[in-house]
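J.: The opening residue of the sequence shown carries number 28 in the numbering used here; numbering runs sequentially from there.
Take this structure, written in structure tokens, and hold onto it; I'll ask about it next.
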Amino acid sequence: MSATLHKSERLHSFGAIRRLFTEGKGGFIYPLRYMVYAEAAEEMGAEVLFSTPKKFLKRANKRNTVRRRMREAYRLNKQIVMQSHDARYLQVALIYSSKEVLDYKTIENATKRILEKLAQ
């Protein structure tokens, strides 16, 4: 599996995002909140959405830095959830919930824990 994050792997459909937030299940692993909506499918697949609210980080350059770190952490660790034996199609939202910009390792550890939880 390649370690790239294509447009087809990003959640961008308005209807899918609405369904994710209304019908999905969620949780929190510092510093990320996550929402997941799973549906049965022929083969494993996932779409992901990254969000850094203006409520927590006012400056755009800080939000962009955090979003870039979240994308990188997911891109390098997505095989954890893709190698799951269940045939599910996942829609995942990762929402940054800290008031300060944290280092990449902290974000990566939280992302790994979320993906391991989703793989079960």
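For each residue, glycine too, the CB sits at the ideal point set by N, CA and C.
Because the structure is a prediction, the values reported are computed rather than measured.
Put Phe55 into one of helix, strand or coil per three-state DSSP.
T.: In the structure shown, Phe55 sits in a strand (DSSP, three-state: E or B).
J.: Threshold first: 3 residues or longer. Then list the beta strand (DSSP E) segments lying entirely within the stretch 35-89, N to C.
T.: Here the runs fully enclosed are 52-56, 59-67, 72-78.
J.: Which whole-angstrom value is the C-beta distance of Ile134 and Ala100, which I expect to be below 8 Å?
T.: Yes, they are in contact, since the Cβ atoms of Ile134 and Ala100 sit about 5 Å apart, within 8 Å.
J.: Here's the rule: buried if 16 or more other CB atoms are within 10 angstroms of the residue's CB, otherwise exposed. What is Thr49?
T.: It counts as exposed.
J.: If you follow the alpha helix (DSSP H) that Ala146 is in, where does it begin and where does it stop?
T.: Start and end: 131-146.
J.: From the DSSP output, in three-state form, read off Val128 for me.
T.: It is coil, neither helix nor strand.
J.: My understanding is that Met71 touches Arg140, with C-beta atoms under 8 Å, so please give their C-beta distance in whole angstroms.
T.: Between Arg140 and Met71 the Cβ distance is about 19 Å, and since that is not below 8 Å, they are no contact.
J.: For the beta strand (DSSP E) that Gln106 lies in, which residues bound it at each end?
T.: First-last for Gln106: 106-109, but that is the alpha helix (DSSP H), not the beta strand (DSSP E).
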